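These protein sequences, in sequence, are chains H and A. Mapping of the first sequence onto this note's numbering: position 58 corresponds to residue 58, and the numbering continues sequentially without gaps. Mapping of the second sequence onto this note's numbering: position 57 corresponds to residue 1057, and the numbering continues sequentially without gaps. Ideal placement from N, C-alpha and C gives every residue a C-beta, glycine not left out. Because the structure is a prediction, the values reported are computed rather than measured. Down below is the structure, laid out as structure tokens.
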Amino acid sequence: NAGVTQTPKFQVLKTGQSMTLQCAQDMNHNSMYWYRQDPGMGLRLIYYSASEGTTDKGEVPNGYNVSRLNKREFSLRLESAAPSQTSVYFCASSFTDRTHGYTFGSGTRLTVV
Amino acid sequence: GQQLNQSPQSMFIQEGEDVSMNCTSSSIFNTWLWYKQDPGEGPVLLIALYKAGELTSNGRLTAQFGITRKDSFLNISASIPSDVGIYFCAGPTSGSARQLTFGSGTQLTVLP
């Protein structure tokens, strides 16, 4: 019963460095999402993938890229990290009918110095 | 864009007390979802509501889908220390077939 698995759990980057956050789900969900969570701002959608082979921008996509590698995996890449990207990042997945809610991973806490 | 307004933003209560929080929207929702986020973890779905006026319970938690379809309420009875966390409401994003819009959350602290 792994659900949604995110790696790494913690990461510190220097400004300008790049990194990829990994996410995998084993629930046969069609859709996957990347959110960032900042104090007082709730959850903001960065990118999502409605199905394998498609990706779309969310509310705050600037500075990020994504890849839906296959049905299970959806990665988030920071090409040139900035301090403003210091945040907690959550991956989530759902069936096509999102009214039954998302399943979230446990998050990646990223600090950019 | 669509916004969900949650209140209060934070609450400090004594163990054993009941808690009420709500979520309002400027637009109509057909589904309301309530999530809880434990410290250091991702949000977990608590209750889903699909019909105006619906009242649904999950243990000590009870949620209601407002009659106007623009609001929802979550109540926690007889709070315990493990109720600590952030509670989010969410609903389907207007104009999107896939996305959910989340409220900004209510931070709950339970004092012994």
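query                                                                                                                                                                              : result
Closer than 8 Å, Cβ to any Cβ of chain H: which residues of the stretch 1036-1053 of chain A, in chain order?                                                                      : Gly1040, Glu1041, Gly1042, Pro1043, Val1044, Leu1045, Ala1048, Tyr1050
What does the alpha-carbon distance come out to for the pair leucine 1061 of chain A and threonine 1024 of chain A?                                                                : 19 Å
Determine whether the Cβ of glycine 1016 of chain A lies closer than 7 Å to any Cβ atom of chain H.                                                                                : no
Sort A:Pro1043, A:Met1011, A:Val1019 by Cα distance to phenylalanine 1088 of chain A and report the nearest one.                                                                   : A:Pro1043
Roughly how many whole angstroms lie between the Cα atoms of glutamate 1015 of chain A and asparagine 1075 of chain A?                                                             : 14 Å
Looking at the structure shown, is glutamine 1099 of chain A part of a helix, part of a strand, or coil, going by DSSP?                                                            : coil
Going by DSSP, what residue range makes up the beta strand (DSSP E) through phenylalanine 74 of chain H?                                                                           : 74-78
With 8 Å as the limit, tell me which residues of the stretch 1090-1111 of chain A have their beta carbon closer than that to any beta carbon of chain H; keep them in chain order. : Ala1090, Pro1092, Ala1097, Arg1098, Gln1099, Leu1100, Phe1102, Gly1103, Ser1104, Gly1105
In the stretch 1004-1032 of chain A, which residue ranges form an unbroken beta strand (DSSP E) of at least 3 residues, counting only runs that do not cross its ends?             : 1004-1007, 1010-1014, 1019-1025
Under the three-state reduction of DSSP, which class applies to aspartate 26 of chain H: helix, strand or coil?                                                                    : coil
From the DSSP output, in three-state form, read off glutamine 17 of chain H for me.                                                                                                : coil
Quick check on the burial criterion: 16 or more other C-beta atoms within 10 angstroms. Buried or exposed for leucine 1055 of chain A?                                             : exposed
Please state whether DSSP places aspartate 1083 of chain A in a helix, a strand or coil.                                                                                           : helix
Between leucine 1033 of chain A and chain H, is any beta-carbon pair separated by less than 7 Å?                                                                                   : yes
Would you decide whether methionine 32 of chain H is buried or exposed? Buried here means 16 or more other CB atoms lie within 10 Å of its CB.                                     : buried
Are the CB atoms of cysteine 91 of chain H and glycine 101 of chain H nearer to each other than 7 Å?                                                                               : no
Looking at C-alpha atoms only, which residue of A:Gln1037, A:Phe1073, A:Trp1034 is the closest neighbour of glycine 1053 of chain A?                                               : A:Phe1073
When the Cα of valine 12 of chain H is compared with those of H:Ala81, H:Thr103, H:Ser75, which residue comes out closest?                                                         : H:Ala81
Starting from serine 49 of chain H, trace the beta strand (DSSP E) both ways and give me its first and last residue.                                                               : 42-49
Counting only Cβ pairs nearer than 7 Å, list the residues of chain C close to histidine 100 of chain H.                                                                            : Among the protein chains in the structure shown, which are H and A, there is no chain C.
Using the rule of at least 16 other Cβ atoms within 10 Å of the residue's Cβ for burial, across every protein chain shown, is methionine 41 of chain H buried or exposed?          : exposed
Could you tell me whether any Cβ in chain A is nearer than 7 Å to the Cβ of glycine 3 of chain H?                                                                                  : no
Quick check: isoleucine 1080 of chain A and glutamine 1107 of chain A, are their CB atoms within less than 7 Å of each other?                                                      : no
Measuring alpha carbon to alpha carbon, tell me which residue in A:Arg1069, A:Met1021, A:Lys1036 is nearest proline 1092 of chain A.                                               : A:Arg1069
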